[in-house]
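Q:
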Amino acid sequence: MSWFPDNPIMQPLLTLLHQREGSLTRELLQQPAGFGLGQLPQSQLPDATTDMVCGFCSTGCGLKVHLKEGEAIGLSPTTSYPVNLGMACPKGWEALRVLDAPDRATTPLYRADKNGRLEPVDWDAALRLFTGRFRQIQEKHGPHSVAFISTGQMPTEEMALLGAVAKFGMGLRHGDGNTRQCMATAVVAYKEAFGFDAPPYTYADFEESDAMVFVGSNPCIAHPIMWERVMRNRRSPEIIVVDPRGNETTMYATQHLAIQPKTDQTLFYGVARLLIEQGRIDEKFVARSTTGFEEFARFVNDYSLARTASETGLEPNQIERFACTIHEKERVSFWWTMGVNQSHQGVRTAQSIINLALMTGNIGKPGTGANSITGQCNAMGSRLFSNTTNLLGGHDFKNADHRAKIAGILGMDESVIPTENSWSYHEIMEGILKEKIKGLWIICTNTAHSWINQNLAREMLSRLDFLVVQDMYHNTETAQMADLVLPAAGWGEKEGTFINSERRIGRIKKVRRAPGKALADFHIFQLVAEYWGCGEQFRRWSSPEAVFEVLKECSRGMPCDFTGVQNYRWIEEQGGVQWPCPEGMTAPVQERRLFEDGCFYHADGRAKFLFEASRPLTELPNEAYPFILLTGRGSASQWHTQTRTAKSPVLRKLYPEQPFIEINPADARALKIAHNAWVTVESRRGRMRAMALVTPAVRQGQVFIAMHYEETNQLTDAVFDPYSKQPSYKACAVNVKGGAE
14 MSWFPDNPIM QPLLTLLHQR EGSLTRELLQ QPAGFGLGQL PQSQLPDATT DMVCGFCSTG
74 CGLKVHLKEG EAIGLSPTTS YPVNLGMACP KGWEALRVLD APDRATTPLY RADKNGRLEP
134 VDWDAALRLF TGRFRQIQEK HGPHSVAFIS TGQMPTEEMA LLGAVAKFGM GLRHGDGNTR
194 QCMATAVVAY KEAFGFDAPP YTYADFEESD AMVFVGSNPC IAHPIMWERV MRNRRSPEII
254 VVDPRGNETT MYATQHLAIQ PKTDQTLFYG VARLLIEQGR IDEKFVARST TGFEEFARFV
314 NDYSLARTAS ETGLEPNQIE RFACTIHEKE RVSFWWTMGV NQSHQGVRTA QSIINLALMT
374 GNIGKPGTGA NSITGQCNAM GSRLFSNTTN LLGGHDFKNA DHRAKIAGIL GMDESVIPTE
434 NSWSYHEIME GILKEKIKGL WIICTNTAHS WINQNLAREM LSRLDFLVVQ DMYHNTETAQ
494 MADLVLPAAG WGEKEGTFIN SERRIGRIKK VRRAPGKALA DFHIFQLVAE YWGCGEQFRR
554 WSSPEAVFEV LKECSRGMPC DFTGVQNYRW IEEQGGVQWP CPEGMTAPVQ ERRLFEDGCF
614 YHADGRAKFL FEASRPLTEL PNEAYPFILL TGRGSASQWH TQTRTAKSPV LRKLYPEQPF
674 IEINPADARA LKIAHNAWVT VESRRGRMRA MALVTPAVRQ GQVFIAMHYE ETNQLTDAVF
734 DPYSKQPSYK ACAVNVKGGA E
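Okay, so the sequence shown: first residue is 14 according to our numbering, each after it adds one.
(1) With a CB to CB cut of under 6 Å and the five nearest residues on each side skipped, what residues in its chain are close to A542?
(2) Which runs of the beta strand (DSSP E) at least 3 residues long sit entirely within the region 128–197? Give them in chain order.
(3) Compute the Euclidean distance between the alpha carbons of A224 and E341, then round it to the nearest angstrom.
(4) Assign C70 to one of three DSSP states: helix, strand, or coil.
(5) Distance, Cα to Cα, S741 vs K81?
(6) Please list the segments of the beta strand (DSSP E) lying wholly inside the region 643–676, counting only runs of 3 or more residues, in order along the chain.
(7) Going by the CB atoms, is the gap between I584 and R520 shorter than 7 Å?
(8) Which ranges does the alpha helix (DSSP H) cover as unbroken runs of at least 4 residues, wholly within the region 354–420, from first to last along the chain?
(9) Using the three-state DSSP reduction, which class does F312 fall into: helix, strand or coil?
(10) Apply the 10 Å Cβ neighbour rule to R186 and answer buried if 16 or more other Cβ atoms are within range, or exposed otherwise.
(11) Which whole-angstrom value describes the C-beta separation of E506 and A533, a residue pair presumed to lie in contact below a C-beta threshold of 8 Å?
(12) M351 by DSSP, collapsed to three states: which one?
(13) Helix or strand or just coil, what does DSSP make of V524?
(14) Please list, in chain order, all residues of the same chain as M23 whose beta carbon is under 6 Å from its beta carbon, the five residues on each side excluded.
(15) Where does L41 sit, in a helix, a strand or coil, going by DSSP?
(16) So if DSSP puts T120 in a beta bridge, which residue, or which two residues, is it bridged to?
(17) Flag this pair as yes or no: are the beta carbons of V78 and V524 separated by less than 7 Å?
(18) Does the Cβ of K743 have 16 or more other Cβ atoms within 10 Å, making it buried, or fewer, making it exposed?
(19) Quick check: what's the CA-CA separation for F479 versus G645?
(20) Considering just the uninterrupted stretch of the alpha helix (DSSP H) at N468, what are its terminal residues?
(21) Applying the 10 Å Cβ sphere with the 16-neighbour rule, what's the burial state of K685?
(22) Which partner residues of N580 appear in the DSSP bridge assignment?
(23) Which first and last residues belong to the beta strand (DSSP E) in which M442 is found?
(24) Along the chain, where does the alpha helix (DSSP H) that runs through C567 open and close?
(25) Label V663 either buried or exposed according to how many other C-beta atoms from any shown protein chain fall within 10 Å of its C-beta, with 16 as the threshold for buried.
(26) Report yes or no: do the region 281–293 and the region 324–341 share at least 3 C-beta pairs separated by less than 8 Å?
(27) Alpha carbon to alpha carbon, what distance is there between V201 and Y736?
(28) Report all residues from its chain with a CB closer than 6 Å to the CB of H615; omit the five preceding and five following residues, and keep chain order.
(29) Can the beta-carbon of F733 be found less than 7 Å from the beta-carbon of H439?
(30) Compare the C-alpha of N128 against each of A266, H415, D496 and I445 and name the closest.
(31) Between the alpha carbons of G618 and T164, how many angstroms are there, rounded?
(32) Would you kindly work out how many angstroms separate the C-alpha atoms of Q579 and G588, rounded to a whole number?
(33) Inspect the beta-carbon positions of Y668 and D116 and report whether they are closer than 7 Å.
(34) On the CB-based measure, 16 or more other CB atoms within 10 Å of its CB, does N314 come out buried or exposed?
(35) Out of P133, A527, P95 and A637, which has the shortest C-alpha to C-alpha gap to T215?
(36) For the region 365–385 and the region 189–203, state whether three or more C-beta atom pairs, one from each stretch, are separated by less than 8 Å.
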């Protein structure tokens with residue numbers, strides 16, 4: 014029996030979709046671009062512009078794309094967009110350049126033999142191979158034997174179509190996103206504390222705080238436009254940085270709390286005890302809007318000032334000053350990123366920050382909040398609509414009413430919706446080792462580089478019966494391991510929406526044609542559905558904007574309700590729209606924060622105090638591995654595995670080409686390591702070469718390596734938060750030896 018549609022039927026569809034991909038976007042707006050173009054000859058001047066949001070990080074900056082005959086030839090920051098106000102970071106300026114890389118994936122590639130080469134095939138052959146092999150695996154090993162790993166880089170509409178096709182059409186039960194690596198901790202922390210995954214802030218809070226507390230966060234280079242918003246603050250704010258390492262942000266800090274790695278949870282419990290002892294809490298807010306405070310107060314009684322100082326490595330007066338600042342300042346905001354999320358106890362650490370905001374009433378008001386800054390451009394879209402961690406629109410796979418609601422909206426039989434949650438990313442990877450996962454579809458992410466304990470990760474991928482990689486580039490570390498590579502369009506080559514860190518829905522547009530035979534991920538998912546034989550289920554999902562309308566209905570009645578968003582054009586006219594934006598909200602304010610009324614999303618309308626005893630690092634230094642390795646962003650011009658940023662000559666000049674390791678001068682002297690000397694860094698899992706940067710930015714006994722280099726994750730340890738299942742990339746034990754072996 015054949016599972017493939019007849020070729021005469023499918024070939025016209027393939028031709029039609031490719032023609033659609035070739036049609037260039039033309040949107041003539043009010044004035045031609047003139048930014049820095051005065052000296053160009055007339056033939057090179059744009060004849061129109063169009064606005065869209067950037068496709069790198071979660072900031073969601075507005076960019077004005079300069080068009081010539083409908084095709085993008087340049088860009089500049091959009092001055093009126095409420096996110097970036099005319100500013101852009103190096104990555105944003107180079108966003109178009111990376112589309113021109115010579116190693117773009119331009120045709121499907123197939124490896125007929127495990128030891129053979131990837132060879133070009135046409136789309137028809139590729140889709141037959143894909144669906145045929147996955148069906149064979151499912152028939153032999155069961156419906157749970159095939160899974161997908163998605164991304165926070167695609168438009169929301171593409172994520173939703175993938176999750177729906179994979180789970181409702183193909184019968185896949187397990188799928189997760191690379192947002193598991195960056196945002197899962199914040200998601201779980203918010204859901205448990207607030208009742209929904211709801212970052213409460215707006216970027217205006219950067220400008221309206223009297224004190225900003227950055228925890229495991231270096232926005233100066235990780236989110237430079239957000240840092241520009243900090244610099245616009247006219248309230249002479251205290252800037253408090255909680256981070257073991259000195260970095261670009263600590264240079265501006267009024268207080269740098271250089272804690273021992275992963276003791277921030279202890280610090281916040283100790284500060285909470287001080288505030289409670291001194292009666293420095295917002296009793297009215299706590300009584301009206303929270304539950305569990307009395308239990309929390311009893312719990313933190315164990316975190317004395319002496320214990321907190323001993324475990325964190327801080328002086329008692331530093332801790333007391335920190336607590337005093339929180340009390341004395343009228344508007345205190347707390348901000349965290351990967352230094353908290355990527356931890357063996359990340360969820361409880363995030364909630365220890367939330368607890369401080371709740372007990373002092375620093376939430377729901379200008380310049381306040383317990384605020385998680387997202388990483389990827391559409392991590393928020395992935396969190397709500399990818400069908401991975403929850404059912405579309407923040408619904409619950411385990412809730413029968415939710416399944417019935419979504420099935421009714423989609424016009425599908427409720428039985429196609431899974432009744433259980435998917436395995437998480439690390440459970441899918443471990444499922445390969447346990448011979449339960451045999452086929453894997455990786456979309457727009459680079460697992461062989463980015464996953465923790467890289468050598469083991471590659472061993473896992475090599476065991477698959479069939480690995481499909483869908484990406485812009487054919488030579489990523491993961492694509493090089495694939496049996497089948499599907500060429501995908503990138504940002505600027507397709508349509509859709511992103512949702513940024515402050516919950517703002519913004520537009521992206523097609524302003525370039527994807528190279529060769531590459532297709533938008535949206536159209537690839539449509540084709541997979543047709544070849545699988547479930548295309549009829551998704552006839553309503555005919556275009557990104559049609560899917561947007563479906564997702565609006567999925568959001569109805571949920572905290573993320575955006576049924577009041579009229580259409581794509583309306584989003585642009587409003588300067589992006591923050592959710593919630595329910596039906597009837599015809600002219601939403603550009604900057605809106607949550608919980609202004611003191612009501613949260615739990616059934617009782619209250620936020621919860623959540624807590625748990627802090628735990629030591631899972632891998633402590635010893636004689637063989639005497640250093641704690643810290644990892645993080647290296648520069649404002651690098652991005653994740655450098656799949657895109659490395660394609661820009663400009664960006665490559667702005668960061669060190671070779672891996673470097675920051676080491677304290679005293680440790681360097683003891684090991685006889687000179688500045689700029691090559692060294693070998695080794696953990697229990699792997700080793701790498703790096704150039705020594707001797708600096709007091711790191712304390713004795715600690716070293717730092719940027720996360721972007723391929724070799725870094727050969728060292729990291731596969732430890733996961735028990736609640737969010739997020740990997741703990743930030744701390745493990747290593748040794749350092751002079752000379753590169």
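Ideal Cβ positions, reconstructed from N, Cα and C, are used throughout, including at glycine.
Just so you know, these numbers come straight off a predicted model, no measurement behind them.
A: If we stick to the structure as given:
(1) V178, G182, G548 and F551
(2) 159–163 and 187–190
(3) 10 Å
(4) strand
(5) 46 Å
(6) 673–676
(7) yes
(8) 359–372 and 392–398
(9) helix
(10) buried
(11) 7 Å
(12) helix
(13) coil
(14) Note that M23 scores a pLDDT of 42, beneath 50, so its modelled location is shaky; the value from the coordinates is reported in the next line. No residues qualify anywhere along the chain.
(15) Residue confidence for L41 is low, a pLDDT of 27 falling below 50, so the modelled location carries little weight; the figure read from the coordinates is stated next. Of the three classes helix, strand and coil, the one that applies to L41 here is coil, per DSSP.
(16) T120 pairs with nothing; no bridge assigned.
(17) yes
(18) buried
(19) 33 Å
(20) Q467 to S475
(21) exposed
(22) Paired residue(s): none; N580 is not in a bridge.
(23) That residue, M442, is in no beta strand (DSSP E); its alpha helix (DSSP H) goes Y438 to L446.
(24) P557 to S568
(25) exposed
(26) yes
(27) 7 Å
(28) G208
(29) yes
(30) D496
(31) 32 Å
(32) 13 Å
(33) no
(34) exposed
(35) P95
(36) yes
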